[in-house]
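>
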Amino acid sequence: MTLTQFAAKNVLRNKFRAVMTVLGVAVAILTFMLLRTVTSAWTTASDFAAKDRVVTRHKITFLMMLPKRYIGQVRDIPGIKVATYANWFGGKDPKHEHEFFACFAVEQSYFDVFDEATFPAADKERWMQDRRGAIVGDVLAAKMGWKVGDKVTLESGIYRGEWEFNIDGIYTTTRRSMDRSQFIFHWDYTNDNAPAQVKDQIGWVISRVNDPSHVAEAGATIDKVFDDRDTQTLSMDEHAFQASFLGMMSTVLKAIDAISLAIMVIMMLILGNTIAMGVRERVSEYGTLRALGFLPKHIVTFILVESLVIGVLGGVLGIALSYPIVERGLGRWIEENMGSFLPYFRISPVNAGIAIALAAALGAAAASIPAYRASRQNVIDALRRVG
Amino acid sequence: MSNQASAPLIKLRGLKKTYTRGDESLTVLSGFDLDIAEGAFEALMGPSGSGKTTLLNIIAGLDRPTAGTLEVAGERIDSLGESALAKWRARNIGFIFQSYNLIPVLTALENVELPLLLTSLGPAERKKRAETALRVVGLEQRMGHYPKQLSGGQEQRVAIARALVNDPKLFVADEPTGDLDRQSADEILALLEKLNKEFNKTIVMVTHDPAAAERASVTRRLNKGALE
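Protein sequences appear in the order of chains E and D.
Counted from 1, the first sequence has number 655 at position 42 by this note's numbering; the numbering is strictly sequential.
Counted from 1, the second sequence has number 447 at position 91 by this note's numbering; the numbering is strictly sequential.
(1) Less than 8 Å between the CB atoms is what I'm expecting for T575/D and L365/D, so what's the real figure, rounded?
(2) List the residues of chain E that K443/D touches, going by C-beta distances under 9 Å, in chain order.
(3) Along the chain, where does the beta strand (DSSP E) containing E549/D start, and where does it finish?
(4) Does any residue of chain E bring its CB to less than 8 Å from the CB of E466/D?
(5) Any beta-carbon of chain D closer than 8 Å to the one on F619/E?
(6) Is it true that the segment 751–767 of chain E meets the segment 684–699 of chain E, where meeting means three or more beta-carbon pairs spaced less than 8 Å apart?
(7) Put H559/E into one of helix, strand or coil per three-state DSSP.
(8) Alpha carbon to alpha carbon, how far is R1005/E from G816/E?
(9) Return the CA-CA distance between M881/E and L975/E, expressed in angstroms with no decimal places.
(10) Let me know the secondary structure DSSP gives K681/E once reduced to three states.
(11) Between S358/D and the rest of its own chain, which residues show a CB-CB distance below 6 Å, the 5 nearest in sequence each way excluded?
(12) Would you say I459/D faces chain E, with C-beta separation under 8 Å as the test?
(13) Just by C-beta distance, which residues in the segment 394–415 of chain D are closer than 7 Å to chain E?
(14) Helix, strand or coil: which one does DSSP assign to V811/E?
(15) Relative to the alpha-carbon of A995/E, which residue among V896/E, K622/E, A833/E, M614/E has its alpha-carbon at the smallest distance?
(16) Flag L616/E as yes if its beta-carbon sits less than 8 Å from any beta-carbon of chain D, otherwise no.
(17) With a 10 Å radius around its C-beta and 16 neighbouring C-beta atoms as the bar for buried, classify K737/E as buried or exposed.
(18) For my contact list, E543/D and T563/D are in at a C-beta cut-off of 8 Å; report their separation, rounded to the angstrom.
(19) I need the DSSP call for N359/D, collapsed to helix, strand or coil.
(20) How about N428/D and V468/D: do their beta carbons lie closer than 8 Å?
(21) Among the candidates A442/D, R432/D, G437/D, whose CA atom is the shortest distance from the CA of G900/E?
(22) When the cut-off is 8 Å and only beta carbons count, does S435/D lie next to chain E?
(23) Taking the alpha carbon of E481/D as the point to measure from, which residue in Q497/D, F451/D, S507/D, V521/D has its own alpha carbon closest?
(24) What did DSSP end up calling L473/D once you bin it into helix, strand or coil?
(25) Should R744/E be labelled buried (16 or more other beta-carbon atoms within 10 Å of its own) or exposed?
(26) So, I872/E versus G637/E, is the Cβ gap smaller than 8 Å?
(27) Out of R941/E, A696/E, R893/E, A747/E, which has the shortest C-alpha to C-alpha gap to Y802/E?
(28) Alpha carbons only, please: which of G944/E, A968/E, L971/E is nearest the one belonging to R959/E?
(29) Closer than 6 Å by C-beta to S988/E: which residues in its own chain qualify, once you throw out the five before and the five after it? Chain order, please.
(30) What three-state label does DSSP hand D824/E in the structure shown?
(31) Apart from the five residues on each side of it in sequence, which residues of its chain come closer than 6 Å, Cβ to Cβ, to G703/E?
(32) Take the Cβ of T887/E as the centre, count every other Cβ of all protein chains shown within 10 Å, and call the residue buried at 16 or more, exposed below.
(33) Under the rule that 16 or more other beta-carbon atoms within 10 Å means buried, what is F619/E, buried or exposed?
(34) With L390/D as the anchor, note down where its beta strand (DSSP E) starts and where it stops.
(35) Quick check on the burial criterion: 16 or more other C-beta atoms within 10 angstroms. Buried or exposed for H709/E?
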C-alpha cells in the first residue's frame, strides 16, 4: 500500500454516495461539453476560414449592395488571383417553410474561389450550361430529400415570385470553412428578373490573393480603389468577415458561456458538499492519523486526492457519454437541421481537454475548505469523536 | 528480556495543565513530578475528570503542558514544534485506543502498515514488518480481513500490532479493554504483559478496570489533578 492508494481507497468508502457524485459530475460535464460544442460549432466557419480570401462589402453595412461593375475593377488589382461575387437570395422551400438554409446567387467563378466545395466535373459542366441550375450542399440535399435531376421551386422575400431550379450537382467540402447546407445558383438567372432596386447589384465580392501573407494589404488596396466613389467598400479577410457576423450573436454566445460556467460551479458545490460530508464522518480517523505521526499536509493530500479522483472520474464519464450522444445522434441531427448556424457540431479534443482540466481543478477547489479544516482540527478533539 | 526498573524513560517536572474557556480556567493537572522507568508497565487510575487521560496525552506528545517539563528518553518533548512532535510520535509512541481506531477501508495488514508509510522503508519491507507484527499478536490468519469482519478483541489486537510495528520504546494505552468483554480483555492484557516482559516495552495504561490495573507493575492514582 502507498499513501496514494490509501487516499484512493477512501473514494469508495460510501459506494452509493461516490457513484451518485460521479454521476452528478458526469452530467455536469456532459452539459458543459454540449454547450461548449454549440459555441465552438458557431465559430467553426470563422476558425477554419481560408487565409487567402478577402471579402469586400458595402462600407456602411453588408445589407447594402455594390454596383456589379466593381468586380471588374477588383480583378484588375495586382495580387488578386481570382474574384467572384454573390447575392443573398433569401430563398425558402414553400413545402418546408420552417427549414432555413443559406441561398446564394453567384457568378460561375464562385467555385474557383471556394474550391473546398467538391462535386463531379460533369455536374459542374452541366450547371455551367443550365441557366436554372443549382448546386446544393450534401447535408441540405439529405435533409430535403433532393437528388441530382430534381426540380425545386423556391420563394424569396427579396426577389418576388416563385423560382424554379434544377439540381445539377451536390457538393461536399474538403474543409470546414464552408457550410454544407447552401443552395447555390446563377446570379444571371435572378438578375434578369430582379426588381429595379437590386438589378445589376451584387451583395459582396470574394477574392483570393496570390500571397496569403499580404491579405490585409490586398483588402486595403481594394478599399483604396473605391475610396472616392459614392459607394465605398470595406474589405476584410474571411476570418474577420465571419467574426463580424458572429459579433451579432456575441451576447447569445456569452450567455451560453456563462451558463456553462454556472454548471461547473454547481458541480463544484455538489462535489464540495459530498467531500465535506465524508470529512465530517472521518474526523476521528484524521485524529488517529495525526496521533500516529501524519502531518496536516498528509490530511490535506488525502482529501484532495479523493476529490480529484471523483472529479476526474466524473469528467471522463461525462466526456465518454458526450461522444456517442453527439457523434452518433445529436451532432448529425443538428448539422442537418441547423447546419447554417452550426455546420460542424462535433466534440473537439480541445473542449474535452478543457472539461477534464476543469473537472480536476474544480474537484481540488471543492475539497480545499474541508481539507483545510480537517488539517487544522485539534488532534485530541478529533480523537474524542470516537464512540 | 526483563522489566527491571532502570533510568527513567519519562521524566515529568512541575507538570501543570490548565484549560481556559472564556473567563474561566480549569486546572486539570496541578503541578507534580513523575518518573516512569524504562521497561515499566504502569497503570493510571482515578475517577472521571481526575486528569489521567490528559496526563497520558501529554506523555504521548498529543497535548502540551501549561507549565513544567517533559523528557522522554532524555529528549525534551514539551518544546518541540508541531511537525517535529508528530515525527517524534511516529518514531517513539505506540498508541492503543479504547475504540481501536482502525481505518475501516483498510485490511488488518494495511492498518498495521499505516505508520510505516511515514518511513523510508520500501513496500516489501513494510509488508514484511506488518505481517510480523500481526504474527506477534496471533492474527496471521486474519491479515486480509477488514475491521468489520473482526471481533472487538481481534480489532484491538490489530491496533496493538499497529502500535508495535514501528518498534517504539513507549506504548500508551487509553482504556484498552474498555469496550471488551472479560475474556477478550484478559487476552489483550496478556498481550500487553507479553510486550512488556518479552519485548521490554514501557507501557503507560489508563484504566478504570481494577483487574487490568493488577496486570501492571505499578499503579498510580490521580485525584483532582494530583498524584496520590
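Here a beta-carbon is modelled for each residue, glycine too, at the ideal position from N, C-alpha and C.
Model, not experiment: these values are computed from the prediction.
Per the coordinate set shown:
(1) Actually they are not in contact, since the Cβ atoms of T575/D and L365/D sit about 18 Å apart, beyond 8 Å.
(2) Ordered by position in chain E, the residues that pass the 9 Å Cβ test against K443/D are G906, L908.
(3) Unbroken run through E549/D is the alpha helix (DSSP H), 538–555; no beta strand (DSSP E).
(4) Among the residues facing chain E, E466/D is included, as its CB has a counterpart in that chain under 8 Å away.
(5) For F619/E, at least one C-beta of chain D is nearer than 8 Å to its own C-beta.
(6) Contact fails: fewer than three Cβ-Cβ distances are below 8 Å.
(7) Because chain E here runs from 614 to 1000, residue 559/E falls outside it and cannot be looked at.
(8) The requested residue 1005/E does not occur in the structure, where chain E is confined to residues 614 to 1000.
(9) Whole-angstrom Cα-Cα distance: 6 Å.
(10) If DSSP states are grouped into helix, strand and coil, K681/E belongs with coil.
(11) Bear in mind that the predicted position of S358/D carries a pLDDT of just 42, short of 50, making it unreliable; the figure below should be weighed with that in mind. Here the set comprises nothing.
(12) Taking Cβ atoms only, chain E reaches closer than 8 Å to I459/D, which makes this a yes.
(13) Along the segment 394–415 of chain D, the positions whose C-beta sits under 7 Å from a C-beta of chain E are N413, read in chain order.
(14) Looking at V811/E - three-state DSSP - the assignment turns out to be helix.
(15) The option with the nearest alpha carbon to A995/E is V896/E.
(16) Look at L616/E: its C-beta is under 8 Å from a C-beta on chain D.
(17) Buried is the call here.
(18) The Cβ separation is near 15 Å, so there is no contact.
(19) Note on N359/D: pLDDT 44, under 50, position unreliable in the model; no value is reported.
(20) Per the sequence shown, the amino acid found at residue 428/D is Val instead of Asn. Against a cut-off of 8 Å, the Cβ pair of V468/D and V428/D comes out as no contact.
(21) The option with the nearest alpha carbon to G900/E is A442/D.
(22) Taking 8 Å as the CB threshold, S435/D stays off the interface with chain E.
(23) Answer by Cα proximity: V521/D.
(24) Helix at L473/D.
(25) Per the 10 Å Cβ criterion, exposed.
(26) Not in contact: I872/E and G637/E (Cβ atoms no closer than 8 Å).
(27) Nearest C-alpha to Y802/E: A747/E.
(28) If we check each option's Cα against that of R959/E, G944/E comes out closest.
(29) Once the five neighbours on either side are set aside, the close Cβ partners of S988/E are P909, I912, V913.
(30) Assigned with DSSP and collapsed to three states, D824/E falls in coil, not helix or strand.
(31) Closer than 6 Å at Cβ, skipping near neighbours: S769, G770, I771.
(32) Counting other Cβ atoms within 10 Å of its Cβ, T887/E reaches 16 or more and is therefore classed as buried.
(33) Burial check for F619/E: the Cβ neighbour count within 10 Å reaches 16 or more, so the residue is buried.
(34) For L390/D, the uninterrupted beta strand (DSSP E) segment begins and ends at 380–393.
(35) With fewer than 16 other Cβ atoms within 10 Å, it is exposed.
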